[in-house]
Amino acid sequence: MFRKILVANRGEIAVRVIRACKELGIGTVAVYSSADAESAHVHLADEAVHIGPAPSAGSYLNIPNIIGAALRTGAEAVHPGYGFLSEDPYFAEICAEDGLTFIGPPPEVMEKVGDKAVARRLMSEAGLPLLPGTTEPVPTLDRAYETADEIGYPVIIKAAAGGGGRGISVVHRREELPDAYRTTRAGAQAVFRNSDVYLERYLPGARHIEVQVVCDAHGGAVHLGERDCSVQRRHQKLIEEAPSPSVDPELRERIGEAAVRGARAVGYQGAGTMEFLLDDEGRFWFMEMNARIQVEHPVTEMVTGVDLIQEQIRIAAGLPLSVGQSDVRLTGHAIECRVNAEDAERDFAPAPGRLEHLVWPGGPWTRVDTHCRPGDRVPPHYDSMIAKVIVWGRDRETALVRMERALGELRAEGPGLRTTVPFHRKILAHPEFRKGTHTTAFLRERDPGDGDARS
Ligand code: MV4
73 MFRKILVANR
83 GEIAVRVIRA
93 CKELGIGTVA
103 VYSSADAESA
113 HVHLADEAVH
123 IGPAPSAGSY
133 LNIPNIIGAA
143 LRTGAEAVHP
153 GYGFLSEDPY
163 FAEICAEDGL
173 TFIGPPPEVM
183 EKVGDKAVAR
193 RLMSEAGLPL
203 LPGTTEPVPT
213 LDRAYETADE
223 IGYPVIIKAA
233 AGGGGRGISV
243 VHRREELPDA
253 YRTTRAGAQA
263 VFRNSDVYLE
273 RYLPGARHIE
283 VQVVCDAHGG
293 AVHLGERDCS
303 VQRRHQKLIE
313 EAPSPSVDPE
323 LRERIGEAAV
333 RGARAVGYQG
343 AGTMEFLLDD
353 EGRFWFMEMN
363 ARIQVEHPVT
373 EMVTGVDLIQ
383 EQIRIAAGLP
393 LSVGQSDVRL
403 TGHAIECRVN
413 AEDAERDFAP
423 APGRLEHLVW
433 PGGPWTRVDT
443 HCRPGDRVPP
453 HYDSMIAKVI
463 VWGRDRETAL
473 VRMERALGEL
483 RAEGPGLRTT
493 VPFHRKILAH
503 PEFRKGTHTT
513 AFLRERDPGD
523 GDARS
């Protein structure tokens with residue numbers, strides 16, 4: 073096992089990784105930007121190294137400074153968390169060249185699944201069900217027309233280098249194709265420095281289901297059930313739960329088996345997520361694979377009892393999985409609400425500030441993953457998420473009531489500061505969410521006041 077790990081991230085996930093290291097008896101090195109000198113992850117780690125200015129381009133994305141910090145402190149491995157460098161195969165390669173273990177899949181695997189068109193081809197070859205669409209980038213508008221005519225409208229255009237909903241556009245009618253094609257390409261070029269796009273049949277009103285997999289270096293691979301992430305706004309997930317209210321044990325076994333088969337087919341190692349759409353006839357379709365730990369991993373931990381961060385570290389150290397498929401048992405129901413410093417009444421504009429009054433919920437089966445303490449300032453430079461509130465209950469209804477109770481205890485106030493908590497409380501009270509019959513259309517953008525969950 074490693075003696076010392078450098079955590080190449082900030083915020084709640086850096087805190088989460090440090091906690092896992094402590095429980096494994098591993099020393100920790102935090103890295104921090106000028107905006108984070110007093111941040112919780114810096115105080116919790118055994119050592120901390122300043123790596124650059126507040127903007128992440130000079131700090132949390134600064135590969136030479138992060139590698140330098142690891143080498144100087146004698147760290148043996150690097151945990152990238154999520155976001156920042158977590159899905160950068162180039163960073164994983166540099167780590168290896170400098171004798172550091174990157175805690176994640178091998179760089180070649182990151183490269184394959186990072187290209188969503190390539191991933192589609194590989195998963196199709198592995199026998200996973202795919203929505204009609206292309207497994208190659210669509211290089212011209214003429215080809216886009218041809219392909220869309222074959223697939224049938226509505227179609228969705230996705231950036232090959234994208235993921236998580238960044239760089240996608242839905243095209244309902246043929247006339248809308250040229251604008252959408254050009255805009256998506258230009259956006260992909262600007263954001264990902266890669267203008268490749270691919271096309272898929274668009275499935276409205278489906279559910280967003282993702283399966284957690286863990287694969288070791290010895291051929292061991294298991295799935296840990298699914299998460300339902302159908303509550304998203306502009307492709308930002310707001311609420312996640314496990315298990316999905318629309319997946320029964322028989323479907324769970326089939327989708328889990330497909331997820332493991334796909335992960336094996338690309339030689340996956342580490343913790344990964346296979347994303348699917350689930351249609352109203354109970355059919356599932358592969359969308360993309362995420363080669364990192366995800367924000368919403370705690371709901372899976374709560375229903376399986378598996379510590380996913382510890383599992384990632386064990387796998388990277390060459391140890392076998394701590395569980396076999398038959399050891400994985402789902403118990404009860406877990407829900408996570410992401411608390412963002414955003415103003416839902418102003419189109420979810422960032423609303424950071426000083427956390428003058430801060431009270432986190434507590435009590436039975438209530439978990440708060442956060443780095444924020446009373447008096448902390450939420451810096452404007454990074455993601456607006458300040459905490460994740462996660463609850464567990466024997467069943468979905470118990471978990472829902474518990475989440476309402478927990479959010480009722482939460483206080484996060486300060487000048488200029490707003491949070492998504494009031495919005496979460498509206499969703500939790502909505503009959504459609506309550507029933508568990510909601511789809512990805514639940515928070516679809518429409519005029520305020522016409523009766524959806526946003527009004
Ligand atoms: C789709 C889709 C329907 N059809 N692809 C969004 C996140 C990214 N990983 C893929 N996403 C979707 N891809 C096809 N072919 C629906 C989603 C989707 C979604 C779309 C609109 C509004 C909310 C959504 C929530 C989750 C997934």
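Residue numbers (the numbering used here): 73 to 527. Using N, Cα and C, we set each Cβ at its ideal position, and we do this for glycine too.
Hey, quick one: how far does the beta strand (DSSP E) through D214 stretch, first residue to last? Taking the first residue of the sequence shown as position 1, residue 214 is located at position 142. Note, D214: premise wrong, no beta strand (DSSP E); alpha helix (DSSP H) at L213 to I223.
Contained alpha helix (DSSP H) runs [length at least 4] in the region 266-297, N- to C-terminal order: none
Nearest-angstrom Cα separation, counted from R497 out to A232: Taking the sequence shown and counting its residues from 1, one reaches residue 232 at position 160. Taking the sequence shown and counting its residues from 1, one reaches residue 497 at position 425. One C-alpha to the other measures close to 35 Å.
Cβ-based neighbour list, R386, same chain, cut-off 7 Å, excluding 5 preceding and 5 following: Numbered from its first residue, the sequence shown carries residue 386 at position 314. Excluding residues within five positions, the ones whose Cβ falls inside 7 Å are S394.
Distance between T442 and R88 (C-alpha atoms, nearest Å): Indexing the sequence shown from 1 puts residue 88 at position 16. Indexing the sequence shown from 1 puts residue 442 at position 370. Between R88 and T442, the C-alpha separation is close to 8 Å.
Sorry if obvious, but does the Cβ on H115 come closer than 7 Å to a heavy atom of the ligand MV4? Along the sequence shown, one-based indexing puts residue 115 at 43. H115 Cβ: outside cutoff for every heavy atom of the ligand MV4.
Taking C-alpha atoms, which residue in P125, A120, A107 and L96 lies nearest to V79? Locating residue 79 in the sequence shown gives position 7, counting from the first residue. The shortest Cα separation from V79 among P125, A120, A107 and L96 belongs to A120.
May I ask you to check if the CB of A233 is nearer than 7 Å to at least one heavy atom of the ligand MV4? Position 161 of the sequence shown, counted from the first residue, corresponds to residue 233. For the ligand MV4, not one heavy atom lies less than 7 Å from the Cβ of A233.
Can you tell me which of the three DSSP states P136 falls into? For this step, residue 136 is matched to residue 64 along the sequence shown. Residue state, collapsed to three classes: helix.
At a cut-off of 7 Å, would you count T512 as near the ligand MV4, judging by its Cβ distance to the nearest heavy atom? Against the sequence shown, residue 512 aligns to sequence position 440. Yes, since a heavy atom of the ligand MV4 falls inside the 7 Å radius drawn around the Cβ of T512.
Check whether the Cβ of I135 lies closer than 8 Å to any Cβ atom in chain C. Protein chain content of the structure displayed is limited to a single chain, and chain C is not contained in it.
Going by C-alpha to C-alpha distance, which of H244, T512 and F358 sits closest to T68? Lying before the first or after the last residue shown, residue 68 is absent from the chain, which here runs from 73 to 527.
Answer yes or no: the CB of A278 versus the heavy atoms of the ligand MV4, is any distance below 7 Å? Residue 278 sits at position 206 when you count from the first residue of the sequence shown. True, at least one ligand heavy atom lies under 7 Å from that Cβ.
Which of helix, strand or coil DSSP assigns to F495: Numbered from 1 along the sequence shown, position 423 holds the residue referred to as residue 495. F495: helix per DSSP, three-state reduction.
What's the gap between the Cα of T511 and the Cα of K188? For the purposes of this step, residue 511 is identified with residue 439 of the sequence shown, where counting begins at 1. For the purposes of this step, residue 188 is identified with residue 116 of the sequence shown, where counting begins at 1. Approximately 23 Å, taken between the alpha carbons.
Got a sec, what are the start and stop residues for the alpha helix (DSSP H) Y162 sits in? Residue numbering aside, residue 162 sits at position 90 when the sequence shown is read from its first letter. Where Y162 is concerned, the enclosing alpha helix (DSSP H) stretches over P161 to E169.
Identified DSSP bridge partners for T376: Along the sequence shown, one-based indexing puts residue 376 at 304. Paired residue(s): none; T376 is not in a bridge.
Taking all protein chains shown into account, decide if A164 is buried (16 or more other Cβ within 10 angstroms of its Cβ) or exposed. For the purposes of this step, residue 164 is identified with residue 92 of the sequence shown, where counting begins at 1. Buried, since its Cβ has 16 or more Cβ neighbours within 10 Å.
If you follow the beta strand (DSSP E) that F74 is part of, which residue opens it and which one closes it? By 1-based counting over the sequence shown, the position of residue 74 is 2. Segment: none, F74 is in no beta strand (DSSP E) and carries neither H nor E.
Can you tell which of G434, Y454 and P436 has the C-alpha that lies nearest to the C-alpha of P423? Within the sequence shown, numbered from 1, the residue matching residue 423 stands at position 351. One detail in the question is off: residue 423 reads as Ala in this sequence, not Pro. Residue Y454 is the option with its Cα nearest to A423.
Residues in its own chain within less than 6 Å of E183 by CB, not counting five upstream and five downstream? Residue mapping note: residue 183 aligns to position 111 of the sequence shown, counting from 1. Within the same chain, E183 has close Cβ partners P161.
Go through its chain and collect everything with a Cβ distance to L194's Cβ below 7 Å, but skip five positions before and after it. As a position in the sequence shown, residue 194 is number 122, starting the count at 1. The answer, listed in chain order, is K184, A337 and V338.
Run the CB neighbour count on E325, radius 10 Å, all protein chains shown included, and call it buried at 16 or more, exposed below. On the sequence shown, residue 325 is found 253 positions in, with the first residue counted as 1. Looking at its Cβ environment, which holds fewer than 16 other Cβ atoms inside 10 Å, E325 is exposed.
Buried or exposed (CB count within 10 angstroms, at least 16 for buried), E313: Counted from its first residue, the sequence shown places residue 313 at position 241. Buried, since its Cβ has 16 or more Cβ neighbours within 10 Å.
Helix or strand or just coil, what does DSSP make of L310? In the sequence shown, counting from the first residue as 1, residue 310 sits at position 238. Looking at L310 - three-state DSSP - the assignment turns out to be strand.
Bridge partner(s) assigned by DSSP for L430: Start at 1 with the first residue of the sequence shown, and residue 430 comes out as number 358. DSSP lists A484 as partners of L430.
Residues near P250 in its chain [Cβ-Cβ closer than 7 Å; skip 5 each side]: In the sequence shown, residue 250 corresponds to position 178, counting from 1. Excluding sequence neighbours, P250 sits near L213.
With hydrogens ignored, establish whether the beta-carbon of G328 is closer than 7 Å to any heavy atom of the ligand MV4. Here the question's residue 328 lines up with position 256 in the sequence shown. It does not: the Cβ of G328 is nowhere closer than 7 Å to a heavy atom of the ligand MV4.
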